[in-house]
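Peer 1: Please read through the structure below; I'll follow up with questions.
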């Protein structure tokens, strides 16, 4: 069964450093999403991406964040200058059509020291 | 925007008992309600979903009910097993306001004791 994959599973970084989280969505999907989940809290929407551009973003997704689909398979989330409060699990998700069910990846645990 | 409330935050049951998790939503235009199971260290996985044109849906030991008038929906797990232990999230999604992004509840930690 096709699945969303994410790398790395765990990323530790120093405050102020840049990180890039990587995702490979399900191959025939068209819509891509990033969510974050701070430990013990609910899943929060960051950004959605379609046709090589951002379609929606939340207030969390400020200028420190960017997304990119550099090739036909990868979808990345970049945090330019990490802060302590960026520590969280980051989930990538994808759907075939906008109204379809979202399929989530296993997540990347980001720890900012 | 949409607001989803989920209760309880923690639910502890004995193996074989039933478990019920309840959610309410605020946007009457929401028309799609998925439920996700999140095991420790993993991403949310869809377990069942319901659209607003039906009132109930079942899949083996799990079922979801939807009351559009009251704007609430519930997850029912019968004959619970230890492997059902996880965090369960409800969500609501729809065309209201043009957003197709689901709004998640805060999650319910289900603990099934053997």
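Chains as they are written, first to last, in our numbering: chain A, 46 to 158; chain B, 460 to 573.
Where a beta carbon is used, it is the ideal one built from N, C-alpha and C, also for glycine.
1) Under a Cβ-count criterion, where at least 16 other Cβ atoms within 10 Å of its own Cβ denotes burial, should residue 513 of chain B be classed as buried or exposed?
2) Take residue 509 of chain B as the anchor and find which of B/531, B/491, B/464, B/533 has the nearest alpha-carbon.
3) Could you check whether residue 502 of chain B and residue 149 of chain A sit closer than 7 Å to each other, using their CB atoms as the reference points?
4) List the residues of chain A that residue 503 of chain B touches, going by C-beta distances under 8 Å, in chain order.
5) According to DSSP, what are the bridge partners of residue 461 of chain B?
6) Just tell me which of B/543, B/563, B/495 has its CA closest to the CA of residue 577 of chain B.
7) So for residue 75 of chain A, helix, strand or coil by DSSP?
8) If you measure beta-carbon to beta-carbon, which residues of the segment 93-104 of chain A are closer than 7 Å to chain D?
9) Name, please, each residue of chain B whose Cβ falls closer than 8 Å to the Cβ of residue 141 of chain A.
10) Using a Cβ cut-off of 7 Å (strictly closer), state whether residue 565 of chain B contacts chain A.
11) To the nearest angstrom, how far is it from the Cα of residue 66 of chain A to the Cα of residue 99 of chain A?
12) Distance, Cα to Cα, residue 480 of chain B vs residue 55 of chain A?
13) How far does the beta strand (DSSP E) with residue 493 of chain B in it extend, from its first residue to its last?
14) According to DSSP, what are the bridge partners of residue 526 of chain B?
15) Inspect the beta-carbon positions of residue 482 of chain B and residue 497 of chain B and report whether they are closer than 7 Å.
16) Is the number of C-beta pairs between the segment 74-91 of chain A and the segment 115-133 of chain A that are closer than 8 Å three or more?
17) Assuming residue 69 of chain A is part of the beta strand (DSSP E), what are its boundary residues?
18) For residue 71 of chain A and residue 467 of chain B, I'd like the C-alpha separation in whole angstroms.
Peer 2: Short version:
1) To locate residue 513 of chain B, count along the second chain from 1; it is residue 54. Exposed.
2) Here residue 509 of chain B refers to the residue found at position 50 of the second chain. From the listed residues B/531, B/491, B/464, B/533, the smallest Cα separation to residue 509 of chain B is found for B/491.
3) Within the first chain, residue 149 of chain A is the residue found at index 104, counting from 1. Within the second chain, residue 502 of chain B is the residue found at index 43, counting from 1. In this structure, residue 149 of chain A sits near residue 502 of chain B, with a CB-CB distance shorter than 7 Å.
4) As a position in the second chain, residue 503 of chain B is number 44, starting the count at 1. Residues of chain A passing the Cβ test: 88, 136, 149.
5) Taking the first residue of the second chain as position 1, residue 461 of chain B is located at position 2. Residue pairing by DSSP places residue 461 of chain B opposite no residue, since no beta bridge is assigned to it.
6) Any property of residue 577 of chain B remains undetermined from this structure, which presents chain B solely from 460 to 573.
7) Looking up residue 75 of chain A in the first chain gives position 30. Coil at residue 75 of chain A, not helix or strand.
8) Structure shown: chain D not included; protein chains present are A and B.
9) As a working mapping, residue 141 of chain A is identified with position 96 in the first chain. The contacting residues do not exist; residue 141 of chain A stays about 13 Å from chain B at best.
10) For the purposes of this step, residue 565 of chain B is taken as the residue at position 106 of the second chain. With respect to chain A, the C-beta atom of residue 565 of chain B has a partner C-beta closer than 7 Å.
11) Taking the first chain and counting its residues from 1, one reaches residue 66 of chain A at position 21. Taking the first chain and counting its residues from 1, one reaches residue 99 of chain A at position 54. The alpha-carbon of residue 66 of chain A is positioned some 17 Å away from that of residue 99 of chain A.
12) By one-based count along the second chain, residue 480 of chain B stands at place 21. By one-based count along the first chain, residue 55 of chain A stands at place 10. Their Cα atoms are separated by approximately 31 Å.
13) To locate residue 493 of chain B, count along the second chain from 1; it is residue 34. Here the beta strand (DSSP E) through residue 493 of chain B covers 491-497.
14) In the second chain, residue 526 of chain B corresponds to position 67, counting from 1. In the DSSP assignment, residue 526 of chain B forms a beta bridge with B/531.
15) Position 23 of the second chain, counted from the first residue, corresponds to residue 482 of chain B. Position 38 of the second chain, counted from the first residue, corresponds to residue 497 of chain B. Not in contact: residue 482 of chain B and residue 497 of chain B (Cβ atoms no closer than 7 Å).
16) Result yes; three or more Cβ-Cβ pairs closer than 8 Å.
17) The sequence position of residue 69 of chain A within the first chain is 24, counting from 1. Taken as a continuous stretch (DSSP letters only), the beta strand (DSSP E) holding residue 69 of chain A covers 64-69.
18) Counted from its first residue, the first chain places residue 71 of chain A at position 26. Counted from its first residue, the second chain places residue 467 of chain B at position 8. Those two C-alpha atoms are separated by around 33 Å.
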